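Here the first sequence stands for residues 227 to 541, where the numbers follow the working numbering. Virtual Cβ for every residue (Gly too), placed ideally from N, Cα, C. Nothing here was measured: the structure is a model prediction, and the numbers come from that model. These notes are about the structure you will find just below.
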Amino acid sequence: MKVFSSSLPPPFPVIMGPTASGKSFLALQLAEKYDGEIISADSMQIYKGLDVGTAKPTKEERAKIPHHLLDIIDITEKYDVFAFRDAAEKAVKEIRERGKLPVIAGGTGLYMRAIMYGLDELPSSPELRKSLDEKYDNEEKFPELVAIMEEKAPADAEAFRSHRRKLIRAYEVLLLTGKEMTFLQQAWKREPRKDAQSFVLVWENSVLKERIALRCRQMLESSWIEEAESFIKNGLLSSPTAWQVLGYRQIGQYLAGMLKKEELFEKISIATWQYARRQNTWFRTQHPEAIRISMQNKNSFRDAERVVMKFSAKE
RNA sequence: GGUGGGGUUGCAGAGUGGCCAAAUGCAGUAGACUGUAAAUCUACCGUCCCUGACUUCAGUGGUUCGAAUCCACUCCCCACCA
C-alpha cells in the first residue's frame, strides 16, 4: 500500500517522551527493522563521557545502529539549540542521501520543537552577549537591566523580569534589532514540518514514576557515582552548559558526605520525576502535531512500533 | 517510677490570647518556555454552593467577648535520672 505521494519523501519518525519512557529502545527497534539511523535529540547526551548519568545508548547498541549527535562535544564547551538544529538537519540530510531512514529520538523539548517547527533567525552576537552576561547575570546588577528594559522595552521587561537569562537575551536582541523580543515572537512560525511525523510516548504517571525510580537505582548501582566523581573533579559543575545535567550535583553532595546513599537515591529520583513532568507538559502543550502513543507495559513497544510505521515511513 | 522537653495543615518546621486556614522550606498539581532548556520561571496547594462560609493545630473538659496559643486531666513521643 502506498500512502504517500511519490513526489515527497516519506515522513521520517520523530520519537519523543519523558525520561525512561523507552524512546531509545523504540528508536533502536525501528532503526533495525527499517534500515534507519538514529539522531539523538538530547541536550546532555551530546557531551562526551556523560554516559551512565545520561543513560546514553550502549557501545553495543551504537555498534549495531549508527547514532548521531552523541558525544560530539566536551563538557568545557558551550552548546545551544541553534547548534543542535544545524547539526540535526545536516544529519537528516546525510542519512537520506545514504538512502536510509532517519529516526530522531530524544527528550529535550526545545530541541524537538526546533526540529518540528524550526527556529526563527534572530541576530546574535557572542561578544555582545558575553559582555552583557558579565555585567548583568548576577543578583546585584540584574535590577539595573530590569530598569533599562522597563524604559526601553516594557513588554519584554514584563515578560522576562524573573528570567534573568531571557531578559538578557531580549536586551541583546533589542540592541541588535531595535525591536522587542515579545514583538518579534508574534511573527514566528507555527506550522510543523511536513517531512517528519512526531510521536509522544505517554505513560501513566504512577508507572512512569516506577520506571524512573528503577532506572535511577540501576544507574547508581552501576558506575554513575565514579563517573560523576571524575567529572566533578574536572569542573563539570562550573562548565558553561553541561553543569545543568541532572543528578551529578546530588552525587557531589553525597561524595561530600552531605547525603546518605538512600537520600541520594531519593533526591535523584524526585528530581528526575520533576523533570519528566516538565517534559510531559512540554510535549502536551508544544506539540499538537504529535501522535500520542499510550504505553502500558513492555508489550506496548510492539504496538508503538506499528503505530509509528503506519504514520511515518512506508515499509 | 522521677524530672524535664515535646505533640501544628503530606513531611520538616514557625507561630505562645485577636492581624491564623495558620510563616517558611520540601514534596505535590497545573502552566510558561526560540542562541545555557536534564536548565530557568509562574500559579495553586484544609473543605465548600469559594470576593464569602465551614472544619482544623493529639484528646476531653475548662478560663475568656475571643484560644494553635492559658488551665486541668488523659493518651502518645523524646531526653535525662532512677
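(1) How many angstroms separate the CA atom of Pro239 from the CA atom of Tyr501?
(2) Pick from Ile299, Asp346, Val278: whose alpha carbon is nearest that of Pro466?
(3) For Met338, which residues from the same chain have a beta carbon less than 6 Å from its beta carbon, with the 5 sequence-adjacent residues on both sides left out?
(4) Which value, in whole angstroms, describes the spacing of the CA atoms of Leu402 and Pro328?
(5) Exposed or buried, which one is Asp346 when buried takes at least 16 other CB atoms within 10 Å?
(6) Taking one C-beta from the segment 286–297 and one from the segment 352–363 each time, how about it: are there three or more such pairs within less than 8 Å?
(7) Drop a sphere of 10 angstroms on the beta-carbon of Asn431, count the other beta-carbons inside from all chains shown, and report buried for 16 or more, exposed for fewer.
(8) Can you tell me which of the three DSSP states Glu315 falls into?
(9) Where Val534 and Val426 are concerned, what is the direct C-alpha to C-alpha distance, given to the nearest angstrom?
(10) Which residue spans inside the segment 490–522 form an unbroken beta strand (DSSP E) run of at least 3?
(11) Excluding the 5 residues preceding and the 5 following Ala379 in the sequence, name in chain order all residues of the same chain whose CB lies nearer than 7 Å to its CB.
(12) State buried or exposed for Val433, treating a residue as buried only when at least 16 other CB atoms are found within 10 Å of its CB.
(13) Where do the N-terminal and C-terminal ends of the beta strand (DSSP E) with Val426 fall, by residue?
(14) So what's Tyr273 in DSSP terms, helix, strand or just coil?
(15) Might you give, ordered along the chain, the residues of its own chain that have their beta carbon closer than 6 Å to the beta carbon of Arg441, omitting 5 neighbours on each side?
(16) Excluding sequence positions up to five away, which residues of its chain have a Cβ less than 8 Å from the Cβ of Asp529?
(17) Ends of the alpha helix (DSSP H) at Leu327?
(18) Just to confirm, are Pro418 and Tyr305 a CB contact at a threshold of 8 Å?
(19) Taking all protein chains shown into account, do 16 or more other C-beta atoms lie within 10 angstroms of the C-beta of Ser250, making it buried, or fewer, making it exposed?
(20) CA-CA distance, Glu320 and Glu286?
(21) So, does the segment 267–281 touch the segment 436–452, judging by three or more C-beta pairs under 8 Å?
(22) Have a look at Val318 and Glu377 and give me their C-alpha separation to the nearest angstrom.
(23) Counting only the same chain and skipping the five closest in sequence on each side, list residues whose C-beta sits under 6 Å from that of Gly473.
(24) Leaving aside the five residues before and after Glu541 along the sequence, list all residues of the same chain whose C-beta is less than 8 Å from its C-beta, in chain order.
(25) Taking the CB atoms as reference points, tell me whether Leu252 and Glu488 lie closer together than 8 Å.
Concretely, from the data shown:
(1) 24 Å
(2) Ile299
(3) Met242, Ala267
(4) 36 Å
(5) exposed
(6) no
(7) exposed
(8) helix
(9) 10 Å
(10) 517–521
(11) Ala396, Leu400, Glu406
(12) exposed
(13) 422–429
(14) strand
(15) Ala246
(16) Ile519
(17) Run containing Leu327: none in the alpha helix (DSSP H); it sits in the beta strand (DSSP E), 327–332.
(18) no
(19) buried
(20) 23 Å
(21) yes
(22) 44 Å
(23) Gly279, Ile494
(24) For Glu541, the pLDDT reaches just 48, beneath the cut-off of 50, and the residue's location in the model is therefore unreliable, leaving the point undetermined.
(25) no
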